[in-house]
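Each residue of the sequence shown is one higher than the last, beginning at 32 in the working numbering. Even for Gly, the Cβ is constructed at its ideal location relative to N, Cα and C. The structure under discussion appears below in the form of structure tokens.
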Amino acid sequence: MEHANRNATTGDQTMPASEQQNLENWLPISASRKAKWWYSTFHNVTAMVGAGVLGLPFAVAQLGWIPGVFMIMFSWILTFYALWQLIHLHEVVPGKRFDRYFELGKHVLGPKKGFWLVMPQQLTVQVASAIVYTVTGGKSLKKVFDTVVPSMTDIRQTYYILFFVCLQLLLSQTPNFNKLKSVSSLAALMSVCYSMVASCMSIVEGIGRHHHHHHIDYGVRSHTTPGIVLDAFNALGTIAFAFAGHSVALEIQATLPSTEEKPSNIPMWRGVRVAYTIVIICYISVAVSGFWAYGNAVDDDVLITLEHPNWLIAIANFMVFIHVLGSFQVFAMPVFDTIETTLVKSWNFTPSRILRLVSRSIFVCVVGIIGMCIPFFGGLLGFFGGLAFTSTSYMIPSILWLAEKSPKRWSFHWIASWICVIVGGIIAVVAPIGGVRTIIVSAKTYKLFS
32 MEHANRNATT GDQTMPASEQ QNLENWLPIS ASRKAKWWYS TFHNVTAMVG AGVLGLPFAV
92 AQLGWIPGVF MIMFSWILTF YALWQLIHLH EVVPGKRFDR YFELGKHVLG PKKGFWLVMP
152 QQLTVQVASA IVYTVTGGKS LKKVFDTVVP SMTDIRQTYY ILFFVCLQLL LSQTPNFNKL
212 KSVSSLAALM SVCYSMVASC MSIVEGIGRH HHHHHIDYGV RSHTTPGIVL DAFNALGTIA
272 FAFAGHSVAL EIQATLPSTE EKPSNIPMWR GVRVAYTIVI ICYISVAVSG FWAYGNAVDD
332 DVLITLEHPN WLIAIANFMV FIHVLGSFQV FAMPVFDTIE TTLVKSWNFT PSRILRLVSR
392 SIFVCVVGII GMCIPFFGGL LGFFGGLAFT STSYMIPSIL WLAEKSPKRW SFHWIASWIC
452 VIVGGIIAVV APIGGVRTII VSAKTYKLFS
């Protein structure tokens with residue numbers, strides 16, 4: 032059960048079983064299945080509580096108090112349910128494990144339809160996450176040095192992104208997902224810490240602003256109807272981006288052991304329940320406190336809005352920097368797996384350290400260059416959030432569940448699945464429109480490689 036033959040799953044009939052098994056033992060997703068249930072907790076926290084949480088006060092400012100908080104809670108419920116579906120589809124066929132998202136898609140919908148429904152969306156999410164985390168890493172590190180050493184404010188953000196990329200070149204040589212546990216656990220801890228710091232600092236500054244009777248506008252950011260509508264579209268994408276972990280969920284579950292007596296869905300679901308509890312505490316506390324303290328003047332990254340004390344702002348931004356170092360790797364590891372599988376199976380390369388070094392380094396460098404060219408944090412969240420994140424986190428799990436399980440019409444799972452599909456579809460259509468508009472507005476004052 033641990034290492035079931037994937038030929039039937041992937042549609043690859045050309046590779047002998049022994050070579051297929053050797054490849055599986057080398058690839059980063061399936062190389063090790065010795066993870067503990069709490070590994071899935073911090074992997075999921077690292078994947079979820081990332082750059083997206085810092086944009087939630089801005090999303091509330093775009094939607095308004097009640098719609099903003101409602102959409103965060105509603106999205107949490109829908110994506111929690113969708114993640115439950117994915118976890119229980121991982122071993123839907125007795126004796127087989129669908130270690131990769133697209134493998135499950137191919138099993139349920141067929142080799143072509145399943146592959147093209149899942150793989151492009153999943154890769155978009157993972158690559159987009161890597162780009163956004165690269166931008167976030169550079170921006171946060173610049174904030175640290177600007178705060179601690181004011182004489183360094185003239186140093187361009189591009190150089191900080193370049194430094195982030197250099198560190199990723201080293202971390203990207205981690206052989207497999209399970210070896211990331213130390214990096215991922217530290218990243219998860221940092222994400223919770225900076226969320227709490229952002230929330231507490233917002234509350235303290237909010238109390239001060241209210242005490243001194245500062246005018247705080249709690250209306251939506253825009254004052255024109257088109258602006259309000261487009262801002263709302265972008266906010267939906269920002270919220271969707273905050274629930275991006277589904278694109279790596281099956282890959283995380285693949286690292287857990289599984290037996291007939293105790294299938295992998297038991298420890299995975301245990302870890303996810305803990306992770307999602309942490310997620311909603313962080314999300315609501317940051318979103319509500321940030322908007323309460325600053326109203327619609329809050330920035331698209333709430334840590335940028337905070338004014339004092341300088342040392343705590345620097346520490347919080349450094350926590351963000353450490354976190355995105357790890358979260359970059361959590362999202363990049365399935366990409367590395369796909370690249371290395373393609374190079375070995377389709378291009379007949381021999382699995383080796385050199386192949387891993389070159390292929391992963393090229394990916395990190397390309398992502399870094401893109402991040403240096405378009406560091407528009409708020410617009411990127413909305414654009415990518417709507418473009419693909421809603422598909423992998425809201426729609427595809429429920430589509431696969433409906434196709435595989437065929438729940439009775441008007442039953443709970445039938446209704447819940449269709450709600451996920453419809454809501455996800457609406458966000459997928461409207462959010463990229465708002466994201467593009469935000470990017471265009473930001474680009475008016477941006478110089479390349481600034």
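Span separating the alpha-carbon of residue i from that of residue j
{"i": "Gln116", "j": "His138", "result": "15 Å"}
{"i": "Tyr314", "j": "Thr381", "result": "44 Å"}
{"i": "Thr286", "j": "Thr256", "result": "49 Å"}
{"i": "Phe105", "j": "Asn379", "result": "47 Å"}
{"i": "Val158", "j": "Thr205", "result": "18 Å"}
{"i": "Thr372", "j": "Arg128", "result": "17 Å"}
{"i": "Leu140", "j": "Val123", "result": "14 Å"}
{"i": "Ser160", "j": "Gly237", "result": "31 Å"}
{"i": "Arg301", "j": "His246", "result": "45 Å"}
{"i": "Asp262", "j": "Ile457", "result": "15 Å"}
{"i": "Phe194", "j": "Asn348", "result": "15 Å"}
{"i": "Gln153", "j": "His241", "result": "44 Å"}
{"i": "Ser377", "j": "Ser392", "result": "20 Å"}
{"i": "Arg387", "j": "His277", "result": "25 Å"}
{"i": "Trp147", "j": "Thr369", "result": "14 Å"}
{"i": "Lys170", "j": "Gly145", "result": "38 Å"}
{"i": "Val260", "j": "Asn327", "result": "15 Å"}
{"i": "Trp445", "j": "Thr423", "result": "18 Å"}
{"i": "Leu198", "j": "Pro288", "result": "31 Å"}
{"i": "Ile346", "j": "Tyr307", "result": "25 Å"}
{"i": "Trp68", "j": "Leu120", "result": "18 Å"}
{"i": "Ile335", "j": "Ile405", "result": "18 Å"}
{"i": "Asp185", "j": "Leu431", "result": "51 Å"}
{"i": "Tyr108", "j": "Ser437", "result": "Note that residue 108 corresponds to Ile in the displayed sequence, not to Tyr. In a straight line, the C-alpha of Ile108 is about 22 Å away from that of Ser437."}
{"i": "Val303", "j": "Ser71", "result": "7 Å"}
{"i": "Pro365", "j": "Val235", "result": "40 Å"}
{"i": "Glu394", "j": "Phe443", "result": "The residue you asked about is not Glu; residue 394 is Phe in the sequence shown. Taking the straight line from one Cα to the other gives about 43 Å."}
Distance cut-off 7 Å: residue i Cβ against heavy atoms of the ligand HEM
{"i": "His444", "result": "The ligand HEM is absent from the structure shown, which contains no ligand whatsoever."}
With 16 other Cβ atoms within 10 Å as the buried cut-off, status of residue i
{"i": "Met232", "result": "buried"}
{"i": "Gly239", "result": "exposed"}
{"i": "Glu134", "result": "buried"}
{"i": "Ala48", "result": "exposed"}
{"i": "Arg440", "result": "exposed"}
{"i": "Leu201", "result": "exposed"}
{"i": "Lys293", "result": "exposed"}
{"i": "Pro125", "result": "exposed"}
{"i": "Asp332", "result": "buried"}
{"i": "Glu291", "result": "exposed"}
{"i": "Ser203", "result": "buried"}
{"i": "Asp177", "result": "buried"}
{"i": "Ser383", "result": "exposed"}
{"i": "Asn36", "result": "At Asn36 the pLDDT is 42, less than 50, meaning the model places this residue with poor confidence; the figure from the coordinates comes in the next sentence. With fewer than 16 other Cβ atoms within 10 Å, it is exposed."}
{"i": "Met183", "result": "exposed"}
Extent of the continuous alpha helix (DSSP H) to which residue i belongs
{"i": "Tyr70", "result": "Trp68 to Met79"}
{"i": "Glu122", "result": "First-last for Glu122: undefined, no H or E at that position."}
{"i": "Ile247", "result": "Counting along the chain, Ile247 falls outside any alpha helix (DSSP H), and DSSP gives it neither H nor E."}
{"i": "Arg440", "result": "Element bounds for Arg440: n/a, residue is neither H nor E."}
{"i": "Pro365", "result": "Asn341 to Lys376"}
{"i": "Thr255", "result": "Segment: none, Thr255 is in no alpha helix (DSSP H) and carries neither H nor E."}
{"i": "Phe89", "result": "Leu87 to Leu94"}
{"i": "Arg301", "result": "Asn296 to Tyr325"}
{"i": "His138", "result": "Tyr132 to Leu140"}
{"i": "Asn53", "result": "Ala48 to Trp57"}
{"i": "Thr336", "result": "Val333 to Thr336"}
{"i": "Lys436", "result": "Ile427 to Lys436"}
{"i": "Ser392", "result": "Arg384 to Cys404"}
{"i": "Glu282", "result": "Ala280 to Gln284"}
Contact under 8 Å by Cβ, residue i with residue j
{"i": "Tyr225", "j": "His354", "result": "yes"}
{"i": "Phe264", "j": "Val91", "result": "no"}
{"i": "Ala280", "j": "Ile103", "result": "no"}
{"i": "Ile60", "j": "Asp130", "result": "yes"}
{"i": "Gly86", "j": "Val251", "result": "no"}
{"i": "Thr110", "j": "Phe359", "result": "no"}
{"i": "Pro463", "j": "Gly268", "result": "yes"}
{"i": "Cys396", "j": "Val196", "result": "yes"}
{"i": "Ala78", "j": "Phe420", "result": "no"}
{"i": "Val351", "j": "Thr189", "result": "no"}
{"i": "Met426", "j": "Val452", "result": "yes"}
{"i": "Ala229", "j": "Gly357", "result": "no"}
{"i": "Val179", "j": "Val80", "result": "no"}
{"i": "Asn209", "j": "Ser63", "result": "yes"}
{"i": "Asp248", "j": "Phe89", "result": "no"}
8 Å Cβ cutoff, residue i in contact with chain D
{"i": "Val163", "result": "Here there is only one protein chain, and chain D is not present."}
Please go through the region 155-207 and give each complete beta strand (DSSP E) segment of 3 or more residues, from N-terminal end onward. For the region 155-207, not a single whole beta strand (DSSP E) run of length 3 or above is found.
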